[in-house]
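Q: Residue numbers (our numbering), protein chains in the order written: chain A, 53 to 269; chain B, 1453 to 1688.
Beta carbons: idealized from backbone N, C-alpha and C, even for Gly.
Only a predicted model underlies this, so the values are computations on that prediction, with no experimental measurement involved.
1) Looking only at C-alpha atoms, which of 1611(B), 1631(B), 1610(B), 1609(B) sits nearest to residue 1436(B)?
2) From the DSSP output, which residues share a beta bridge with residue 1582(B)?
3) Scan the stretch 1531-1552 of chain B for residues whose Cβ lies nearer than 8 Å to a Cβ of chain A and list them as they occur along the chain.
4) Grouping DSSP H, G and I as helix and E and B as strand, with all else coil, what is residue 193(A)?
5) Would you list the one or two residues that DSSP bridges to residue 1587(B)?
6) On a CA-only basis, which of 1653(B), 1662(B), 1681(B) is nearest residue 1552(B)? Give me that one, please.
7) Express the C-alpha separation of residue 1543(B) and residue 1561(B) in angstroms, rounding to a whole number.
8) Taking DSSP as the reference, what is the three-state secondary structure of residue 1493(B)?
9) Out of 1569(B), 1530(B), 1668(B), point me to the one whose CA is closest to residue 1688(B)'s CA.
10) Report the neighbours of residue 231(A) on chain B: residues whose CB is nearer than 9 Å to its CB, in chain order.
11) Quick one: which unbroken beta strand (DSSP E) runs of 3-plus residues sit fully inside the stretch 118-155 of chain A? Chain order, please.
12) Flag residue 1669(B) as yes if its beta-carbon sits less than 9 Å from any beta-carbon of chain A, otherwise no.
13) Out of 1650(B), 1517(B), 1555(B), 1669(B), state which residue places its alpha-carbon closest to the alpha-carbon of residue 1575(B).
14) Anything in chain A within Cβ reach of residue 1608(B), meaning under 7 Å, just list it in chain order.
15) Along chain C, which residues have their Cβ under 8 Å away from the Cβ of residue 1631(B)?
16) Looking at C-beta atoms only, is the number of pairs between the stretch 171-185 of chain A and the stretch 217-230 of chain A that lie closer than 8 Å three or more?
17) Give me the Cα-Cα distance between residue 1612(B) and residue 1649(B), rounded to the nearest whole angstrom.
18) Contact defined as beta carbons within less than 8 Å: I believe residue 247(A) pairs with residue 229(A). What is the distance between those atoms, to the nearest angstrom?
19) For a cutoff of 9 Å on Cβ pairs, would you count residue 1598(B) as touching chain A?
20) Under 7 Å Cβ-Cβ, which residues of chain B neighbour residue 166(A)?
21) Would DSSP call residue 265(A) helix, strand or coil?
22) From residue 1640(B) to residue 1670(B), what does the alpha carbon distance come to, in whole angstroms?
23) At a cut-off of 8 Å, is residue 1513(B) close to the ligand NAD when judged by its beta-carbon and the heavy atoms of the ligand?
24) Quick check: is the beta carbon of residue 259(A) nearer than 9 Å to any beta carbon in chain B?
25) Could you tell me the distance, in whole angstroms, from the CA atom of residue 43(A) to the CA atom of residue 156(A)?
26) Counting only the same chain and skipping the five closest in sequence on each side, list residues whose C-beta sits under 6 Å from that of residue 257(A).
27) Checking 9 Å against the spacing of the C-beta atoms, do residue 1525(B) and residue 1538(B) come in under that value?
28) If you measure from the beta carbon of residue 56(A) to each beta carbon in chain B, is any gap under 9 Å?
29) Could you tell me how far apart the beta carbons of residue 1610(B) and residue 1588(B) are, in whole angstroms, since I believe they sit closer than 8 Å?
30) What are the residues in the stretch 171-194 of chain A lying within 9 Å of chain B by C-beta distance?
31) Give a yes or no on whether the minimum CB-CB distance between residue 1525(B) and chain A is below 9 Å.
32) Name, in chain order, the residues that DSSP records as bridge partners for residue 1682(B).
33) Answer with buried or exposed for residue 131(A), where buried requires no fewer than 16 other C-beta atoms within 10 angstroms of its C-beta.
34) Comparing alpha-carbon positions, which option in 207(A), 151(A), 192(A), 68(A) lies nearest residue 167(A)?
35) Under DSSP, the beta strand (DSSP E) around residue 1664(B) begins and ends at which residues?
36) State yes or no: is the C-beta of residue 1577(B) within less than 9 Å of the C-beta of residue 1686(B)?
See the structure below:
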């Protein structure tokens, strides 16, 4: 009995404390550092030369390489998460407007099995073309989505009424353009293009020369 | 004129020429000093060369250039500027000032210090993201109509405005973002667990920054920061 009592009084608390400590350590342990996919994280062992002149030259070159990345002229930024479009420089926002970007929806043609995903592309683009009074040339998916037959005549694809007054082409068939559904601005409802209200579109069109960089994230 | 008076005159003229030369030299020297103190644009000239500072700047630039190369967005915790930023290919695409709540400048310094660690690690990926509570950006009834008109699933159209979310890096470093959105808790159990974890780890030296953000900025930051997203720290 006495041995049991000793065991209970001494060993049990010791075990309990040890268990708590082990649990705390396990809970608090540092997770192994994961290197992000596609990035060289902290393997940057490039060191500056010890010679001052060489080091200065190397540092100046690095600064220039970084500065060169930011466009000298205003650039467009499209935030697909909050559905906002900006015209900005490094220090100043010149235009901030609500827009609509791709829904991410999927369409499969039950007849041919063709598949489309309506996302706004992410990355770096340039304005290639500026169009006034643009007409929409309906792609096949526009008919398939409506359950209509894809027309054979090119003229049956053209619609002059949906893209607003202007369109800015940023490549691969994607445009920043107007909309007749201004009440839906701010919602991800497009097939990948970027829709803008007429006043903001007018302002953006006037401020944007061909060659302007477009950053979409 | 006597020879002595002639020599006196020539001496005087020599001295006056010398004085003019000295004055000119002093003027030139003072101009030179001014030029070396400011650059052409009127900004102060570069500090004297410091190899250690140069090495730190060089490492930072090289780190950013390596991130820029991927042409994907990355997060920047810019402590000297006190901004949270998103950059793409080295270009600033989104930013928001670090409006601190329940934490102060010393927490920023400690966070920056712990992020760098003993090896001076400038980049770490986000390990975890935890959404405490959120609210739909567009009312469900409105989305149902839009969904029918656009043939897109209403769930795809919805954007969750976060009430509160956390981004976590290695070593328990945490960025806690709060908004004025009164959202529904995602999982009360998970939320309690996250809070307990923070309460236990913080006194053990795990750094937490708590920021207040308007709902739309928080929406962007929440959606743009997935686990694995590289984060660059510009040290305090």
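A: Answer, in terms of the structure:
1) Residue coverage of chain B in this structure runs from 1453 to 1688, which leaves residue 1436(B) outside it and unanswerable.
2) Answer is 1618(B), bridged to residue 1582(B).
3) Answer in chain order: 1538, 1540, 1541, 1542, 1543, 1544, 1545, 1546.
4) helix
5) In the DSSP output, where bridge partners are listed per residue, residue 1587(B) has 1613(B).
6) 1662(B)
7) 25 Å
8) Residue placement at residue 1493(B) cannot be trusted, given a pLDDT of 46 that sits under 50; what the coordinates show is reported in the next sentence. Coil.
9) Considering only alpha carbons, the answer is 1530(B).
10) For residue 231(A), none of the residues of chain B pass the 9 Å Cβ criterion, the least Cβ distance being about 12 Å.
11) 127-131, 136-140, 145-152
12) yes
13) Minimum Cα distance to residue 1575(B) is reached at 1517(B).
14) 155, 156, 157
15) This model lacks chain C altogether; the protein chains it does include are A and B.
16) yes
17) Looking at the two C-alpha atoms, the distance is approximately 25 Å.
18) 7 Å
19) yes
20) By Cβ distance, chain B contributes nothing, its closest Cβ being about 16 Å from residue 166(A), past 7 Å.
21) Residue state, collapsed to three classes: strand.
22) 21 Å
23) You won't find the ligand NAD in this model; it holds no ligand whatsoever.
24) no
25) One cannot answer for residue 43(A) here, as it falls past the ends of chain A, which runs 53 to 269.
26) 218
27) yes
28) no
29) That pair is a contact at about 5 Å.
30) 174, 175, 176
31) yes
32) 1577(B)
33) buried
34) The shortest C-alpha to C-alpha distance from residue 167(A) to any of 207(A), 151(A), 192(A), 68(A) is the one to 192(A).
35) Counting along the chain, residue 1664(B) sits inside the beta strand (DSSP E) bounded by residues 1660-1664.
36) no
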